[in-house]
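Colleague: Before we start, here is the structure in question, set down as structure tokens.
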Amino acid sequence: MGKSIFEIMEEKQIAVGNGTVYYWVSYGGFKTTLFFLHGLTADHTLFEKQIPAFIKRYNIICWDTPAHGKSRPFDFTYALAAQCIKAILDKEQIKEPVFVGQSMGGFLVQAFMKRYPQMATAFIGIDTCPFGLDYYSKADCWWLRQIEWMSMCFPEKLLRKALAKSCTRTRDAYESYFASLRPYSKKELCHLMGVVYVGFLKENCDLEITCPTLILVGQYDRTGKVKQYCREWAKRTGFPLQIISDAAHNANYDNSKSVNEKIELFLQKIDKNGGRR
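Just so you know, my numbering puts the end of the sequence shown at 298, numbered straight through with nothing missing.
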């Protein structure tokens, strides 16, 4: 078997706040750096079908989010996660990256832009949701606050299978995501989901995104109301929304070919237009 793409990248770590964050880099002296941020309870391997497609034309940063994967233990907050992103960019001397955030990764990008509004060249959100107070009803917010205890009610094996099945459509995507769940105990897994979703409600605010933004969502994304939020986000902002066929919530793994093509076209367009709008 050949090496995984991450074995040929350089693994690094940085201490921030109460923990250590692990990340992987590849530099080819290119103009643009892509920073990939995975979703809740996943890890950097969520992007193993994106990195090979872009590594020969772009500098790459990919991480295990604080409290995920190798970046554990870590007492997660959005403020600390944004601080970690900034610390990595400063250490690597990256001024204006393009952020690619899947699900929770998109929340973290927005939390970062809330604090550093001029540092993003562009934002690609994959099966994620917008910041904005009036997108979410009181019922939406109530249900998000129940995630931790409700998850604890599931038998552990069923919980893991249900999470992986609900987010994926293809067998490869299922097996990859299921593998990323293995390091967590049931208690840790449920607590992490609770912390991230309740933290989102506290972090959420009306946010004006001033950089070029692309919204991608899987045709069969049935995670919460993500697809509905994405449609409303595009309607209100004018950001382009593209539906990824034959894909669920982890659309970039389910249909990597389509996602990679759409990302590449978007990057070419913003490069032609000179970046920020």
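Where a beta carbon is used, it is the ideal one built from N, C-alpha and C, also for glycine.
Is the beta carbon of I291 sitting closer than 7 Å to the one on A141?
Modeller: Their beta carbons are not under 7 Å apart, which means I291 does not touch A141 by this criterion.
Colleague: Using only the alpha-carbon positions, how far apart do P94 and V42 sit?
Modeller: So the alpha carbons of these two residues sit roughly 10 Å apart.
Colleague: Might you give, ordered along the chain, the residues of its own chain that have their beta carbon closer than 7 Å to the beta carbon of R252, omitting 5 neighbours on each side?
Modeller: Cβ neighbours of R252 beyond the five flanking positions: L262.
Colleague: Count the CB pairs spanning the segment 171–179 and the segment 200–219 that are closer than 8 Å, and state whether there are at least three.
Modeller: Yes, since at least three Cβ pairs between the segment 171–179 and the segment 200–219 fall closer than 8 Å, the two stretches touch.
Colleague: Thinking C-alpha only, which one of V216, D275, E282 is nearest L235?
Modeller: Closest by alpha carbon: E282.
Colleague: Going residue by residue through the segment 216–256, where are the continuous beta strand (DSSP E) segments of at least 3 residues, counting only ones entirely within it?
Modeller: Within the segment 216–256, the complete beta strand (DSSP E) runs of at least 3 residues are 234–239.
Colleague: Between A269 and Y241, is the Cβ-Cβ spacing less than 7 Å?
Modeller: Cβ atoms of A269 and Y241: closer than 7 Å.
Colleague: I believe P87 touches G40 by the beta-carbon criterion, under 8 Å. Please report the beta-carbon distance rounded to the nearest angstrom.
Modeller: Right, the Cβ-Cβ distance comes to about 6 Å (below 8 Å), so this counts as a contact.
Colleague: Could you give the distance in angstroms between the alpha-carbon of Q123 and the alpha-carbon of D148?
Modeller: In a straight line, the C-alpha of Q123 is about 6 Å away from that of D148.
Colleague: Which value, in whole angstroms, describes the spacing of the CA atoms of R298 and M173?
Modeller: In this predicted model, R298 has a pLDDT of only 41, less than 50, meaning its place in the structure is not dependable enough to derive any value.
Colleague: Where do the N-terminal and C-terminal ends of the alpha helix (DSSP H) with I115 fall, by residue?
Modeller: Per DSSP, I115 belongs to no alpha helix (DSSP H) and is neither H nor E.
Colleague: In terms of alpha-carbon separation, which member of T66, F221, E229, D96 lies closest to W163?
Modeller: Among T66, F221, E229, D96, the Cα nearest to that of W163 belongs to F221.
Colleague: Run through DSSP, which three-state label would K283 get?
Modeller: DSSP places K283 in helix when its eight states are reduced to three.
Colleague: Near L213, what residues of its chain come up, given a Cβ to Cβ distance below 8 Å and the 5 sequence neighbours on each side ignored?
Modeller: The residues are L61, T62, A88, H89, F97, Y205.
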